[in-house]
Structures are given as structure tokens and as C-alpha cells.
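Residue numbering for the sequence shown follows full-length UniProt numbering, beginning at 1 and increasing consecutively. Yeah, the Cβ is synthetic: ideal placement off N, Cα and C, and Gly gets one too. Shown next, in C-alpha cells, is the structure this report addresses.
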Amino acid sequence: MIAIALKCDHRGPVFFKQVRIGYLGRPFNIYKFCTLWGSIRPEGTPLPPTKFCNFIRRWGLDELPQLFNIVRGDMSLVGPRPHTPADNHDFARHFALYNARHQVPPGITGLAQINGWRGPIQSSFDLKSRLDCDLLYINQQSLTSDILILICTITRPWYWVNGPKRTSPETLSSCRTE
């Protein structure tokens, strides 16, 4: 349904594919719904995303094609979000423990995401906070923690009325709804 709606919403492609670094540092193609299709106005400025595309991104529905990555064995439901090779290289230069993230398969969601760390990394503080969450997840990983993270992923957007509430990852039970 989303693919059909996207095709009706804009002239761009429905799916987006990009190389990311996964489990044990192996590259793989990640799939998403294409919500930023890069159409350019005649004067050379990009068109903003449509309201429908913004809705899909806000609710994380653009990530649904990654279920195909799970079926292929490239990803898991829960784990650190995978980054591009260039970002991976850059981040590893700045944080010695960064590559420890590759000890587990990357996920569609993770401890960082339920604590509000979503979207582009805009500062070293953003990256450090996500890395702290990822390392905590890896050290405390269990079926119970995965279930908790999945429940928080599904329920937390209802509480993000004015944007994500970024919190620190004291424990896996830090899925707060403040």
C-alpha cells in the first residue's frame, strides 16, 4: 500500500538502495522507501518532500523494506543502525570502540532509536550518545531486551508530539514515556 501511495505521490522511484556496513564489518545493500527523491526545480533548488513522504519518515515507515534485509540475513529487527562505508570509516577514526558495533547484526531499531537518537548524525555528541546506547545494548543483549525495544519502538512515536525526547541510556529499561 505504501509503495502504491508513494508512486502516486511523486514521480520519483519507490525504493532506495544504499551500501551500509553490517555484521562483522561486511557491506550489504539496505532498502528503504524513497521519500527524498531529489527532484530539482528549474531554478536549481531541490523540491521539499511531500506531506505524505514526511509522514512516512516521521513514523519510520520508510524503514519497512528492511524486512527484506532481515529475510536475507543482512539485518535483525533490533541492533545498532548500520552506517555507510564513508561514515563508518570516519566514525571509527573518532571513536576507538565504534567498530564494536559490528559484533551483532545491525537492526531496524535499537536502544539509541527508542531513546530519541534518530535521523542524521549532526555532531560528535550525537554519535557518542548513539554509540553509548549501541554498546550498552551489545553488553546487555537478550530476548527480553529485544522485546522491550520492539515494544518501545511501536509505542514511543505516540509520545513524540514535539519531536523526540533524547535521553541517556542508563539501562535497557530506559524506555520512558515522559
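Cβ separation of residue i and residue j, assumed to be a contact under 8 Å, to the nearest whole Å
| i | j | result |
| --- | --- | --- |
| residue 62 | residue 28 | In fact, because the Cβ distance is near 18 Å, the residues do not count as touching under 8 Å. |
| residue 22 | residue 99 | Actually they are not in contact, since the Cβ atoms of residue 22 and residue 99 sit about 12 Å apart, beyond 8 Å. |
| residue 127 | residue 91 | 6 Å |
| residue 75 | residue 116 | Wrong, their Cβ atoms sit about 21 Å apart, outside the cutoff. |
Proximity below 8 Å, CB of residue i to CB of residue j
| i | j | result |
| --- | --- | --- |
| residue 101 | residue 120 | no |
| residue 150 | residue 78 | yes |
| residue 20 | residue 83 | yes |
| residue 57 | residue 114 | no |
| residue 148 | residue 134 | no |
| residue 94 | residue 123 | no |
Separation of residue j from residue i, as counted between CA atoms
| i | j | result |
| --- | --- | --- |
| residue 118 | residue 154 | 14 Å |
| residue 5 | residue 64 | 14 Å |
| residue 49 | residue 35 | 7 Å |
| residue 60 | residue 15 | 15 Å |
| residue 97 | residue 132 | 10 Å |
Fill in: Contained alpha helix (DSSP H) runs [length at least 4] in the UniProt domain "Bacterial sugar transferase" (2-155), N- to C-terminal order
If we require 4 residues or more, the alpha helix (DSSP H) runs fully inside the UniProt domain "Bacterial sugar transferase" (2-155) come out as 2-9, 51-58, 66-72, 85-94, 111-114, 124-140, 143-155.
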